[in-house]
Each structure stands twice: as structure tokens, then as C-alpha cells.
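Enquirer:
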Amino acid sequence: MLQDNAGNEAGTNMNQTNQQPAGDGSSSLMRLQASTPELEDGHEEQVREPAPMSLADLSRKYPSTFVLSGSKGQREVAMTFDDAPDAVFTPLVLDALKKAGVKATFFCVGNRIEAHPDVMRRIVAEGHVVGNHSYSHPNLPKLSDARFREEIQKTDKLIKAYTGYAPSFIRPPYGNITEEQIKWLASQHRRVVNWNVDSLDWKNLNREQVAVNVLAHIGPGAIILQHSGGGVGQDLTGTVQAVPEIVAKLRQDGVRFVTIPGMLGIPQ
Ligand SMILES: [Zn+2]
Numbered sequence: 001m002l003q004d005n006a007g008n009e010a011g012t013n014m015n016q017t018n019q020q021p022a023g024d025g026s027s028s029l030m031r032l033q034a035s036t037p038e039l040e041d042g043h044e045e046q047v048r049e050p051a052p053m054s055l056a057d058l059s060r061k062y063p064s065t066f067v068l069s070g071s072k073g074q075r076e077v078a079m080t081f082d083d084a085p086d087a088v089f090t091p092l093v094l095d096a097l098k099k100a101g102v103k104a105t106f107f108c109v110g111n112r113i114e115a116h117p118d119v120m121r122r123i124v125a126e127g128h129v130v131g132n133h134s135y136s137h138p139n140l141p142k143l144s145d146a147r148f149r150e151e152i153q154k155t156d157k158l159i160k161a162y163t164g165y166a167p168s169f170i171r172p173p174y175g176n177i178t179e180e181q182i183k184w185l186a187s188q189h190r191r192v193v194n195w196n197v198d199s200l201d202w203k204n205l206n207r208e209q210v211a212v213n214v215l216a217h218i219g220p221g222a223i224i225l226q227h228s229g230g231g232v233g234q235d236l237t238g239t240v241q242a243v244p245e246i247v248a249k250l251r252q253d254g255v256r257f258v259t260i261p262g263m264l265g266i267p268q
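Start counting the sequence shown at 1; every next residue gets the next number (full-length UniProt numbering).
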């Protein structure tokens, strides 16, 4: 079962019919976005491709290290936001989560932590959990061993300065990682945490499209992928606006919202 496939088809259709213009086009928004370092290997849509070994294969081969979801026996889900912090969308996501009373997990990029220390402080102060999403957001399979480890360790240090701990879990940019890299992380007692429900919000989808992508594929133990940091020209307004609807609908069904460590029973 690869949620990615279903999600991708749905997202492509919706993207064709309903794509919204990016941002409000104001120069102040563009300036704010320009203050956030670009993702080294580009936006999701420029890099995402079927991995040589599928996520489901890796999860079967390394069940304790490579995680796509939590226990199917628990009525709980985890909202996760990648590519934080930025100056535009991360604060809006934080506002929406605060209003909804949900603690989420933010996968932070090292050079963006350096660029937006105040937003990083806010993520931590508001009780959210932080995971490592590399330093410059490269496509990890392309890196040498030394460069791969540097990407992880440099970001560990940056996160620790805010949280007091280096996160026990990592999400590779684009979800891409090699078996060798997984083995090294396992030797460091780290986990790789991807997702099994993809909002496809990086396609500049609107509120309704993001909510449908999440709610149509949700199940117990789901790890939901959203983004709270965009590149220049990327509009994540839809994902921000979808938060209240996703939370309300799932709560009606008796679903609890948990962080990744809470879901997996692992340290922060
Ligand atoms: Zn990312």
C-alpha cells in the first residue's frame, strides 16, 4: 500500500483544474520569502521521483529504523510540517495549530534555523517537537558519506541550541535516502521518519484540495506530511487554511493528535 500513488494521482488532477496563483503577489511577501534560504536541490516537485527501492520496501527491510506510520491499533495521527522555519508560512501554521490546540512535529532545515531564529524559538516555546531535516535540504543519496553526516550533525547542533536535545529522528529531504545511510543512522540509534499520508501541499493546492488529500487517505497511526516553509513563489496558504478542517473532522471521529515521539514511543 503506497499512499503516495493514490495521492499523486489525486493531486495531479486537482492541480490541473484548480491551481491557485502563488501568494498575493505583493513585493513585501516576496521579500520575506527571499529571506529564507532556498532548498539546495530545489522544491519537492523538482526532485520527487520513484525511489529505486520504494519507501514500502525500505520500511519492510528496516522496520525499527525506517518508519512510515505509527500503530494501526491507535486512533491517533501525527501532523508533520517540513522545511521550517520560514518567515511567512511557519508563523501562520503556528497560529493555526495554537487555535486548534494541536501539538505537531516540525522538520527543520539547519540553514533556515540560522536565518529565522525567532520563528525557531516560537516552534519550541509553543510546545511542538522538532525533527532533523538536514542542513541545506540536499537530495541525500547524491552525497558522500562525509557530507551526509555533516548535514545531519550540523543540524543536530543547531536544533539542540533551542531544544536542549538533538532529535532522535530524521526526515530526509524529498523522503529520499539510501540503505547505507539508513544503516549509519541505525548505528547512531536514530530513526528515519517519513510519512504515509501526503497532503501534496507543495503543489500550491488550495484549502479544499489539501484537506481532501489528507482526509481521504487517513487511517489510525497516520503520519501526515505538510509543509510550513516554501521557496520563493511557493504558496502554502492552502495547507495553513486546511488545518482547522482536518483537525475538526478527525476529532469528530475520536482521533487524537500526537507528536512523532508520542506516537512511536521514542525520545524527542
Ligand atoms: Zn523538505
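All C-beta atoms in this analysis are idealised placements derived from N, C-alpha and C, irrespective of residue type, glycine included.
Computed from a prediction, not measured in an experiment: that's the story for all the values here.
Just the C-alpha distance for PRO141 and THR178, rounded to the nearest angstrom, thanks.
Expert: Each residue's Cα considered, the two are about 6 Å apart.
Enquirer: To the nearest angstrom, how far is it from the Cα of GLU38 to the Cα of GLU44?
Expert: The alpha-carbon atoms of GLU38 and GLU44 are separated by roughly 12 Å.
Enquirer: Over the uninterrupted beta strand (DSSP E) stretch that includes GLU76, give me the two end residues.
Expert: First-last of the beta strand (DSSP E) with GLU76: 76-84.
Enquirer: Of all the options PRO172, LEU215, ALA125, which has the alpha carbon lying nearest to the alpha carbon of ASN194?
Expert: Checked all of PRO172, LEU215, ALA125; the closest Cα to ASN194 is PRO172.
Enquirer: Within a Cβ cutoff of 6 Å, which residues of the same chain sit near GLU150, ignoring the five residues on either side of it in sequence?
Expert: None.
Enquirer: Would you say PRO173 touches ligand 3, meaning its beta carbon is less than 7 Å from a heavy atom?
Expert: You won't find ligand 3 in this model; what it holds is ligand 1.
Enquirer: Given a cut-off of 8 Å on the beta-carbon distance, is the pair GLN181 and PHE148 in contact?
Expert: A contact, by the Cβ cut-off of 8 Å.
Enquirer: Could you tell me the boundaries of the beta strand (DSSP E) in which ILE223 lies?
Expert: Here the beta strand (DSSP E) through ILE223 covers 223-227.
Enquirer: Where does GLY175 land, buried or exposed, given buried means 16+ other C-beta within 10 angstroms?
Expert: Per the 10 Å Cβ criterion, buried.
Enquirer: Quick one: what's PHE257 bridged to in DSSP?
Expert: DSSP, once it has assigned bridges, lists VAL77 as partnering PHE257.
Enquirer: What does a CB cutoff of less than 8 Å around ASP253 pick up in its chain, not counting 5 residues either side in sequence?
Expert: Once the five neighbours on either side are set aside, the close Cβ partners of ASP253 are ARG75.
Enquirer: Going residue by residue through the region 139-200, where are the continuous alpha helix (DSSP H) segments of at least 4 residues, counting only ones entirely within it?
Expert: Runs of the alpha helix (DSSP H) inside the region 139-200: 145-163, 179-187.
Enquirer: Looking at ligand 1, does it come within less than 7 Å of HIS116, judged from the CB to the closest heavy atom?
Expert: Not under cutoff, so the answer is no.
Enquirer: Please classify ARG207 as buried or exposed, where buried requires at least 16 other C-beta atoms within 10 Å of its C-beta.
Expert: By the 10 Å Cβ count, ARG207 comes out buried.
Enquirer: On a CA-only basis, which of VAL214, LEU185, MET263 is nearest ALA248? Give me that one, please.
Expert: That would be VAL214, whose Cα lies nearest to the Cα of ALA248.
Enquirer: Output the boundary residues of the alpha helix (DSSP H) element that contains GLY238.
Expert: From DSSP, the alpha helix (DSSP H) with GLY238 extends over 237-252.
Enquirer: Under the criterion of a Cβ to heavy atom distance below 7 Å, does ASP82 qualify as lining ligand 1?
Expert: Yes, Cβ of ASP82 sits closer than 7 Å to a heavy atom of ligand 1.
Enquirer: With GLY231 as the anchor, note down where its beta strand (DSSP E) starts and where it stops.
Expert: Where GLY231 is concerned, there is no enclosing beta strand (DSSP E), given that its DSSP letter is neither H nor E.
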